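For the numbering used here, count along the sequence shown from 1 and bump the result up by 751. As structure tokens, the structure follows; a few thoughts come after it.
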Amino acid sequence: MPRPAGGASAPDSRAAVQCALNPRSVAVLGASDDLMKWGGSILALLRKFGFGGAVHPVNPRADAVQGIKAWPSVQAIGQPVDVAVIALPQERTEAAFEDCAAAGVKVILMVTSQFAESGAEGAALQDKLLAIARRAGMRIIGPNCMGYFNSHADMNLLNSQALMRNASLIKGEVALISQSGALAGAMLARAYDLGVGFSICVSLGNQADLEVCDFLDYAIDDARSKVIALYVEGVRDGARFIDLLGRARAVGKAVLIVKAGRTELGQKAVQSHTASLAGEFRAFESQVRHAGAVLVDDFLELIAQAAAWTRLPAPSGPQVAVLSGSGGGGAVASDLVGEAGLQAATLGATTVHKLLPLMPEAAAHLPFDLGAVPGPMRSTPQWLRQVLDTMLADPGVGAGLFLMTTMPEMAATAATVVDVNRENPKPVAFVNAASSAGAEAGAKLKAEGLVNFASVKEALGYLRNRLAWEHHENEAPAPDAKAQAAIEKIAGEFSPGLVSEFDAKRLLAAAGIPVTRGELARSEDQAVQAAASIGWPVVMKLVSAQISHKSDVGGVVLNVGDADAVRQHFRALQQAAQRVPGASFDGCLVQQQARADVEVLIGTNWDAQFGAMLMIGIGGTLVELLKDTALLPASAGPRAIRRAIQALRLFPLLDGYRGKPRVNLDALVDAAQRFGQLAVQLGARLPECEANPVMIAGDSLVVADARAVWLPGAPSMS
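So this is what it looks like as structure tokens:
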């Protein structure tokens, strides 16, 4: 899978996006005086926010639309048109495209639906329109989208009720790129409730031409876009997408993503919505996280977190200090802190001593119950400010969380939290649990630009994600040139299809991964000689090009202790192969018997969108049942691999559980990294490779069984 250098898009894509977001002239095909029609509302919204360029309504049945001279066609305008909005019925779109092509339009915004998302007939028409655009050098946004805007250019072509209901196009620092127009409208409404604006807001629909990566590329370079929020259903070019995420990270811009299609049901919904291929979510998730982007579960939470990113300082650590007007609220919030993967902060003795003039000693501990502080103390001017400043100065506090229940002086409380966030290097996330009773406080937060989180979980999600982003690190380990040459030599001997265990282990050994000693025997005598050479006891395994899981057919025998047993089991393995229809008996693998305190799986697979992936987990015959695996890009370095192993549910088995010796984690990390580098080198030629079990006993690590699939005609990554 070749990767474009630096994630750069083609020059015409960059020029087209620049033109679309900063047009000098716009034509609206289907322009109408009726604001209930798309052509009417888009024209009205374009004018509403003060667009300074030329506006040309196109309607062959009207001399003027909304008080502006109308034209019968785009060609009749007789002036250059940067963007043409097509808000016409599907059956009239082909003629409209031909008109735009003849007029030299640069970009078409296609809001009309019923194309690829509706089935084969719609997809065929979409392809026909794309061919017209390609021939004329036009680019397309959509179809089946709701448009876009650039707030800093006062240019709006997004048809949303959220904009219909707001007097201004708030200029902001969050770039929103969404495949769903309706969700873009919902996210816009949430942002307005928070007092937050977008720099750009783009809905893409079917992405027949210009796509997520083209606008992500623009947002990375856009000085006014400080944070990028994405709603993604399908990624057309996985390699380019990941490269762009890395480039955003390199310039210090956080990319927050909500991905639809995480489940089988979600994938079906995505396919019916925008005809996108959702892809395998686990591969998407691992690649995105490894690139340093942030995954968010909910689209409304996406906006709250993106907004907070532009308004709050970063936590200095995972320790969260909880304050509330309710003891119960503080207790619940403290529970949620731990469940979010953060830590409930504990104040140091020095901090407690400093708090004693402000509250009783019994109350000077986290979580703070402000309601338990006597009224006379709370009435002191700047009391809450002093409490918050003292708390945040504690080195054991990384961030604060203020849970406002119904309490006196809620608006004044909100104002104090605003001031604290402006003047402290650590954030205090504000949660309004007072609902409409806290409306005045919410209005204060909105006016001052501080995010009003809707729930404790939403606030903690921001703190957790921001902290992870701030401390993200990535490595690019250097490949082993000597191992690469040995790998290519051995792989060049393979035949297409399933690779035998014997050959798969040869490949792993060439990569520097320890494997059990073994010999391939094609007769009883050879098997006896191999066993005597290796040393008793031995393991005997069926070798057949048609049988992958040998233990399922009785193809693995352990603890074979003498020559007579070797001969007996050799014949039994022959018979096992004969019982499998179409299977050949290609011999018997005789190998040393390894001991294990714990069995691990290491494997790789080739993902069509994202390339080579590395899997690590607790192995053995119960791997499918346990499902305790971590997935990483195969290019992951040792620190990322170590973190993934330590995050396994059953990691305690590797870490001295119930008196067992701790495994040599360095050796496991090294084996996994070499496995990944092998997969990166061979690329799509090695669509599958798995070592299971990898036998670990103390410092000893050895691959006891392996399988692979070889496709020599597929392209490599190297």
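Note that CB positions come from ideal geometry on N, CA and C, so glycine has one too. Values in this document were obtained by computation on a predicted structure and should not be read as measured data.
Asked: Buried/exposed call for serine 792, threshold 16 Cβ in 10 Å; Found: buried
Asked: C-alpha distance - alanine 1188 paired with alanine 805, whole-angstrom precision; Found: 47 angstroms
Asked: Residue from Leu908, Ala1345 and Ser1246 whose Cα sits closest to the Cα of valine 953; Found: Leu908
Asked: Threonine 1141, DSSP secondary structure in three states; Found: helix
Asked: N-terminal and C-terminal residue of the beta strand (DSSP E) that threonine 1267 is part of; Found: Counting along the chain, threonine 1267 falls outside any beta strand (DSSP E), and DSSP gives it neither H nor E.
Asked: Integer-rounded CB distance, given that leucine 1340 should sit under 8 angstroms from methionine 1364; Found: The Cβ separation is near 28 angstroms, so there is no contact.
Asked: Paired residues, beta bridge with arginine 1446 - DSSP; Found: With the sequence shown as reference, residue 1446 is identified as methionine, and arginine is not the correct amino acid for it. Methionine 1446 is bridged to Glu1350 and Val1453.
Asked: Closest by C-alpha distance to aspartate 1120, when choosing among Lys1105, Gly870, Thr1131 and Val1138; Found: Val1138
Asked: Nearest residue (CA-CA) to glycine 1333, options Ala1296, Phe1153, Arg1390 and Asp1313; Found: Ala1296
Asked: Beta-carbon proximity of tyrosine 899 to serine 931, cut-off 8 angstroms; Found: no
Asked: Outcome for asparagine 751 when other beta-carbon atoms lying within 10 angstroms are tallied against a minimum of 16; Found: The first residue shown for the chain is 752 and the last is 1469, placing residue 751 beyond what the model contains.
Asked: C-alpha gap between leucine 1135 and threonine 1355, whole angstroms; Found: 55 angstroms
Asked: Limits of the beta strand (DSSP E) - the one that serine 1299 falls within; Found: Premise fails: serine 1299 is in no beta strand (DSSP E) and is neither H nor E.
Asked: Ranges of the beta strand (DSSP E) found wholly within the segment 884 to 964, counting only runs of at least 3; Found: 890 to 892, 899 to 901, 922 to 929 and 949 to 954
Asked: Rounded C-alpha distance that separates threonine 1156 from leucine 1063; Found: 21 angstroms
Asked: Span separating the alpha-carbon of cysteine 1440 from that of leucine 927; Found: 39 angstroms
Asked: Rounded Cβ spacing between alanine 1165 and leucine 1196 (contact assumed at less than 8 angstroms); Found: 5 angstroms
Asked: Pair within 8 angstroms by beta-carbon distance, glutamate 1226 and proline 1389; Found: yes
Asked: Reference asparagine 1415, options Ala1387, Met1446 and Lys977, closest by Cα; Found: Met1446
Asked: Helix, strand or coil at glutamine 830 [DSSP, three-state]; Found: coil
Asked: Touching by the beta-carbon criterion (3+ pairs, under 8 angstroms), the segment 1093 to 1109 and the segment 1070 to 1083; Found: yes
Asked: Start-end ranges of the alpha helix (DSSP H) lying completely within the segment 1156 to 1231, minimum 4 residues; Found: 1161 to 1174, 1190 to 1199 and 1207 to 1221
Asked: C-alpha distance - alanine 1316 paired with proline 1384, whole-angstrom precision; Found: 44 angstroms
Asked: Among Gly1122, Ile979, Thr1141 and Ala1011, nearest to leucine 996 - alpha-carbon criterion; Found: Ile979
Asked: Burial state of leucine 1107 (16 or more Cβ within 10 Å); Found: exposed
Asked: With 16 other Cβ atoms within 10 Å as the buried cut-off, status of arginine 1143; Found: Reading the sequence as shown, one finds leucine at residue 1143 and not arginine. Answer is buried; the Cβ neighbour count reaches 16.
Asked: Residue span of the alpha helix (DSSP H) that contains alanine 1381, given as start and end; Found: Here alanine 1381 belongs to no alpha helix (DSSP H); instead the beta strand (DSSP E) covers 1380 to 1384.
Asked: Identified DSSP bridge partners for glycine 1368; Found: Leu1352 and Thr1380
Asked: C-alpha distance - glutamate 1112 paired with histidine 1104, whole-angstrom precision; Found: 8 angstroms
Asked: Separation of alanine 1387 from glycine 1427, as counted between CA atoms; Found: 7 angstroms
Asked: From Glu984, Ala1042 and Ser950, residue whose alpha carbon lies closest to that of aspartate 994; Found: Ala1042
Asked: Alpha-carbon to alpha-carbon, glutamate 1252 and alanine 1236; Found: 21 angstroms
Asked: DSSP beta-bridge partners of histidine 1320; Found: DSSP lists no partner for histidine 1320.
Asked: Local conformation of aspartate 968 per DSSP, three classes; Found: helix
Asked: Whole-Å CB distance - valine 768 paired with tyrosine 969, under 8 angstroms assumed; Found: 5 angstroms
Asked: Phenylalanine 1119 (DSSP reduced to helix, strand or coil); Found: strand
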